[in-house]
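The next block holds one structure in the form of structure tokens; read it before the comments.
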Amino acid sequence: MSDTKRKLAAIVFTDIVGFTKLSSKNEPAALALLEKQRNLLKPIVEKNNGEWLKEIGDGLLLTFGTNRDAVDCAIEIQRITKEIEDLDLRIGIHQGEVVFQGSDVIGDDVNIASRIEPFASAGGIAISGRVNSSLERDPEYETMLIGSPQLKGVSQKVDVYCIISHDLPKTDITKVKAKIEKPGFQWNLLNLSGAALTLIGLLFWINLSFIGIGIADTVEVLSVAVLPFENKGEKKDDFYAYGISSDLIKDVSSTGMLRVAALADIEKLDYLEMNNDELADKLRVRYVAKGTLWKMDSVFQLSMELFDTKNSKVVWFNRWQTNWKNLATIKEDLSDEILANLNIMVTKNVEKVNVAGNPEAYEYYLKGKYKFEKKTSSEDLKVAQGMFEQAINLDSNFVNAINALGRTYHFANDYDKAEEIFNKAKDVSLRLNDKVNLASAIGALAMLDYRRGRIDDALGLMLESKSIAEEVGDKGQIAKILNNITHIYVTRGDEQKALETLLEALTIAESLDDKVALCLVNYNLAVVYAMLGDQDNPMHHTQKAYELAKEIGNLNYQAAVLLLFAADEESDKHYEDALQKYDQALKIFDELGNRSRVIYTLHRKAIVYSAMHKDSNALEISQRALNLSKELKNDPLISDSHTFVASAQNELGDKSEALQHLNQSKKINENGNNLDGLGVVSGLLANHFQEVGNLDSSMYYIKRALKIHKELGNKNEILQNLGFIAGVYLQMGNTEYAMDHLDQAMTIAKEIEDDISFNFYRFGRGYIHFRKKDYAQAMDGNMSKWYEWYTDNEKDLLKDGLLLNETIVQILRDMSIYLVCLKKLGRDVNFSQLEKLMKEIPERKYGYELNYRLYQLYDDRSYLKSSYEKIMELKSKLEKQTGENFINYDLEKEIIKAFESIS
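Residue numbers (our numbering): 252 to 1154.
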């Protein structure tokens, strides 16, 4: 390797604006433009005492002995190129240390210069604070501060300026597309071999059985706080005050015509000791409804008033003394009176009003609702179920209680029982023309269909539920349904549509200040933003979700947010901290009886153990999740758990056991007609068969996966499937088909702006030429472009756990091939990046090709021996003819021949 040399210099980066677009449309014209740039600019650089170090695609890396020379050269370049068609340049200048290693030019200051360049306008020049300091006393130059962005891959603060003298354009910061480091979450999103679960399982549903709450924040919109009744009787009757008040809030807010203060917000205040004006100020409402309740044996005394704080007067007051059997009817009268005195007229069909016909049923319903909403254990869940069942036994038409009971079984993951109950709620709602509860029941059935993998059925029911909610003007319900529709878009790989849907839900939830909806929509926004690669918004929405979860006192939601915090620790490679947070969430989910979340959390723990290369722990945790899934008789969870067990078995080297679990997962998805699940497991089977050398079976399954994903329109999966097919064709020696599929994959990657996949497949094009021993063609425009991209993004790719282990192995293999190609071309080889990657993965996980490439680089025969032994081990486990085919593929034959030549 060459000696390292260092020097202080003014570093200049240039870039041609719009070159990529030009290249894709007219490659000859693009190449001619590069030649013109070279011929035109080299003399200018030499005249200004500069050094033409490197051409990086369409960009240039130049150095100068002084800042003044660099700036003057840049100004002259912009003046000359202004008249040249398509040669629109952005230029960035920074002063610092340049490090030379062989033919490579590296160093933090080189990186800073490259990050500054995008802050220049087309035809403009951006400079760092260091360069600006040398110009600010010279009246010939005028500069303008752009800002101090946190540049990607740069830890130090850098002030960025643009030169605005010499007819140079100012920077429009809104048009800057710079690579900026955004602090925040970088969750495990990328796995080119097709992980069964990434972040999709983190998404949270909003149950539709109980409906909304809200708060006013403007006087233009009617707003009211309905305080819990002050219980003048015994403590044991508190559930009446809670239940009636929460039902009132639901009834009043479901009109969609006003905003109503959240019960959770009210309960945080010492509202009994506050006057109306204080309450209105704290809760941001105009009207305050308050009352008293006193139960004496079977008689209730109730009173209620509605106070207008704007006009400081009571606008309505009433008092009742009634037998407890009339309590449900009185509650309906209360909501009607509140709405009427706010001048909100709601037309109701007599059939539609869902009032418990039996007063005992209403009492049991109130008790069950109180217990379920305040639950802290699985025992509370059972008590609530018992209360709802008693209510239904006493009044079979009490659809509120039926929906509430269904919700408890859904929470407990007993989907069969939940489906039976929600279907009953649907039938009763249809018969009573109760559209509000009908929307709830249909929405709940949609959630169950999704859980079972019936994605299209789920979407149809969700849209039906949304249509009914829109018909009755129930905005709170619409927000919840939109949140749930998000799951469909994410499952189908359309995260952008998911984001748009969530933002629509957020707007509605904010207008009502529905704390439950706001909590879960913010939670899901954190997940979807992370899936889109955004690093700022996930943390913002996670913190917001956590604050809301604490506000409403919901342990289930608090535990869910713990999963997000754990994922953040995981991304930072703080694995022990991640495990600790997962265990905290696990404990809460277990105590609440939320077993589906227990299983999902176990899956997340398995991923962490795998990242730590503790594969036995990953297997143990995955097996535990599988056993629990089987107890629940939940096919989608059983299927997913089988894939986790298979992954752990594969890492431990038990390919046969891994295959059995993958086949079990395939069978479950086939029996359930779950196309989404079948597409994923088909991809996993293709990967398995490729790893064991059975390329015919691998090709069968990956083409099956591709067909499914085309039917579903999932472009992310189509992209990965096409890339995988290209790899199998190449291994079989069919370079024409391999190149064709890579081109298809790159087209989709561009379309969906998947920069990582695009560059992996660009490397793949170079690899095809490499296998043909056309090393110059392999390097130029393919591997070299990949290497530039990787070098630009190395810190981001390798830090914070952004990549899963199998993808780091792929990068390691690709880096080794890139270096072998350099060696074949007689160029200098720098091993530092390769050796950094080698430290990330245990040697036992190196594949036979990686071992062979390391042998080619280091001339260490132990790598060749490992490569040969891995090939022969794979052959021994294949059927005779398949094994013979395997060892006669080009690469495998080359490795065997190389080993035999030294034996």
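The beta-carbon is built from N, C-alpha and C at its ideal position, and this holds for glycine as well.
All values derive from a computational prediction rather than experimental measurement.
C-alpha gap between residue i and residue j, whole angstroms
i	j	result
I1147	Y1119	6 Å
K430	P369	Bear in mind that a pLDDT of 42 at K430, under 50, signals an unreliable position, so the model cannot answer this.
P400	A325	23 Å
I457	N734	Because I457 carries a pLDDT of 49, less than 50, the predicted location of this residue cannot be relied on, and no value is offered for it.
L545	V503	First, the residue type needs correcting, since residue 545 is Trp and not Leu in the sequence shown. Roughly 23 Å between the two C-alpha positions.
V604	V931	Confidence at V604 is low in this model, with a pLDDT of 40, below 50, so the placement of that residue is unreliable and no value is reported for it.
Y797	K906	42 Å
A261	L1101	40 Å
G308	S1035	9 Å
M950	V979	7 Å
K533	A591	25 Å
T560	L520	18 Å
I1007	L783	12 Å
E618	F490	This sequence places Lys at residue 618; Glu is not what is there. Those two C-alpha atoms are separated by around 6 Å.
L813	Q747	25 Å
L753	A777	10 Å
G269	L284	12 Å
F480	L935	58 Å
V539	S762	19 Å
S867	G804	38 Å
R1022	M1030	12 Å
L553	T852	47 Å
Q329	L1076	36 Å
G904	E942	11 Å
F821	Y860	With the sequence shown as reference, residue 821 is identified as Glu, and Phe is not the correct amino acid for it. Approximately 10 Å, taken between the alpha carbons.
R366	Y826	31 Å
D498	R537	21 Å
F1011	D266	23 Å
G1134	E921	29 Å
M555	F568	6 Å
A709	L799	28 Å
DSSP beta-bridge partners of residue i
i	result
N569	M555
D823	DSSP lists no partner for D823.
G343	F264, A377
S1117	None, per the DSSP bridge assignment.
I729	I729 pairs with nothing; no bridge assigned.
F315	A261, G301
E348	L259
A476	V539
Proximal residues to residue i (C-beta, below 7 Å), its chain only, five neighbours per side dropped
i	result
I969	L957, H960, K961, I999
S680	V650, N688, L689, A692
I500	I464, V477, V511, L514
E1145	none
A977	A989, H992, L993, A996, G1015
A676	V650, I653, N654, G657, N688, A692
G316	A260, N300
S873	A857, S892, F895, V896, A899
I1138	I1122, K1126, K1144, I1147
Residues near residue i by beta carbon distance below 8 Å, same chain, minus five either side
i	result
V601	Low local confidence applies: a pLDDT of 33 at V601 is under 50, so the model's placement there is unreliable, with the coordinate-based value given in what follows. Excluding sequence neighbours, V601 sits near nothing in its chain.
E297	W303
L712	I693, G694, L696, A697, D700
Nonlocal neighbours in the same chain, by C-beta distance under 6 Å from residue i, ignoring five residues either side
i	result
S416	Y392, E393
S372	P420, T422
T598	Confidence at T598 is low in this model, with a pLDDT of 38, below 50, so its placement is unreliable and no value can be given for it.
R381	Q346
Y780	N788, P789
L645	N609, E611, A612
F816	K832
Cβ-Cβ separation, residue j to residue i (assumed contact under 8 Å), whole Å
i	j	result
L696	F673	5 Å
I342	V409	That pair is no contact at about 16 Å.
A937	L973	Rounded, the Cβ-Cβ distance is 12 Å, inconsistent with contact.
Q900	L870	7 Å
H893	Q915	5 Å
Residue i beta carbon near the ligand GDP (any heavy atom closer than 6 Å)
i	result
K564	This structure simply doesn't include the ligand GDP, nor any ligand for that matter.
Length at least 4, wholly inside the region 881-939: the alpha helix (DSSP H) runs in chain order: 886-902, 906-922
Only counting runs of 4 or more residues, tell me where the alpha helix (DSSP H) segments fall wholly within the region 647-690, in order along the chain. 650-662, 666-683
What residue ranges within the region 981-1021 form continuous alpha helix (DSSP H) runs of no fewer than 4 residues, ordered along the chain? 986-1002
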